[in-house]
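Residue numbers (full-length UniProt numbering): 1 to 344.
A short worksheet on the structure shown next.
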Amino acid sequence: MKGKQWFARASRSAESATEMVEETVTPEEVEYSVGGTRDAEVVSTGSEVSDSGDENVRSSLEDVMGSGVSEHSRSECKKRLNSEENVSSGFQSSLSSESSLVEIGLGAGKEDPDAISPEELNSLMEGFTAKERISWALERYGEGLVLTTSFGIQSAVILHMVTELKPDVKVVWVDTGYFPAETYEYMQELRTRLNLNLSIYQSEMSPAHMEALHGELWNSDNVEDVKLYNRIRKVEPLERAFKELGATAWITGIRRTQTEFRKSLKHYEPSKERAKLMPLLEWSSRDVAKYLKEHDLPKHPLEAEGYTTVGDWHSSRALTLDDLCERDTRFNGLIQECGIHTEH
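Listed below in structure tokens is the structure:
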């Protein structure tokens with residue numbers, strides 16, 4: 001389909017999608033795929049893969065604004081909370097079964113020199129639901145599409161949403177070798193519940209080997225040491241996973257309200273090596289909580305202990321009244337990004 005025709009049809013579909021936002025969809029109207037366990041393939045050797053799901057599903061920012069917090073901290077977190085409320089419409093329309101973007105898309109493996117530009121596509125995607133964005137990506141990239149997960153606080157949302165549309169989608173988890181026991185338990189629970197086609201990747205350098213050469217990098221106050229840790233345990237294994245699985249595009253469940261860096265991200269980012277799709281960007285913590293409840297999805301065990309985001313055991317902790325925002329609970333607030341999303 002030529003670019004102009006594609007865009008015109010997209011515009012009409014966007015109008016229809018806007019109307020669908022006002023419709024109420026009950027859980028019974030949404031097909032929910034569950035099944036037996038599929039053994040995970042341990043492909044290499046240590047790391048968590050992405051911050052695709054690690055935000056508080058109980059709107060922890062409201063808790064932060066409770067008693068015992070400075071006026072400055074309360075003000076900053078109030079701004080953050082208002083920002084989430086302003087972009088939280090994504091959940092309301094996420095359950096639509098109409099895949100308008102698929103109808104207007106290019107199709108799996110097809111190239112159209114007159115196709116719509118990435119800028120125009122992102123403009124359209126702002127008006128579509130999370131499931132419509134995922135449907136478009138599945139149609140466009142087919143077996144080349146890979147879903148990443150960290151098995152964090154909010155990971156169940158994107159895992160459930162994508163596997164509803166494609167049960168055998170390739171799922172990648174990078175195991176750092178330092179996750180708390182609860183994360184490994186949660187991984188097994190979701191793998192069984194959603195029958196995940198899961199590949200587990202690890203760093204080629206064991207935790208003991210890394211510590212012998214570099215010490216406890218995560219305890220350093222030097223940002224470069226923490227970046228090296230993330231590069232060894234997370235970024236390199238993910239790059240290897242993409243290459244070995246033949247990924248031409250990947251899906252992640254990150255959201256704009258999670259970090260400063262993510263505020264400016266678009267739903268679709270093209271790349272020479274592989275495209276990146278972020279269908280949940282505008283979702284709020286409330287949207288995540290509502291989706292988990294609507295679909296009766298299990299929560300990460302550490303969520304009940306006050307964790308709003310969880311990574312490795314040595315650099316994650318529960319939220320306290322002294323924290324300005326949720327990401328302060330990772331690496332003592334030294335950095336907000338592990339490199340997964342800044343390098344890919």
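By construction, the Cβ of each residue, glycine as well, lies at the ideal position given by its N, Cα and C atoms.
Quantities reported herein were computed from a predicted structural model and do not represent experimental measurements.
Per the coordinates, the alpha-carbon of Trp313 lies some 44 Å from the alpha-carbon of Ile116. For Ile134 and Met187, the gap between their C-alpha atoms comes out near 22 Å. Judged by their CB atoms, Val157 and Tyr291 are nearer to each other than the 7 Å cut-off. The C-beta separation of Leu238 from Leu190 comes to about 19 Å, leaving the pair out of contact by the 8 Å criterion.
Looking only at Asp296, Ser285 and Pro298, the smallest Cα-Cα distance to Thr308 is reached by Ser285. Ranked by Cα distance from Ile232, the options Thr163, Glu244 and Val174 are led by Val174. Here Trp250 is bridged, per DSSP, to Val146 and Lys276.
Between the alpha carbons of Ser271 and Asn230 lies a gap of roughly 22 Å.
Beta-bridge partners of Ser206 (DSSP): none assigned. Boundaries around Val223 are those of the alpha helix (DSSP H), Val223 to Asn230, since no beta strand (DSSP E) includes it. Checking the DSSP bridge columns, you'll see Asn197 partnered with Lys170. His209 counts as exposed, since fewer than 16 other beta carbons sit within 10 angstroms of its beta carbon. Taking a 10 Å sphere around the C-beta of Asp168, we find fewer than 16 other C-beta atoms and assign the residue as exposed.
Annotated three-state conformation of Tyr186 is helix, per DSSP. DSSP places Ser123 in the uninterrupted alpha helix (DSSP H) bounded by Pro118 to Met125. Here Tyr178 carries a coil assignment [DSSP, helix/strand/coil].
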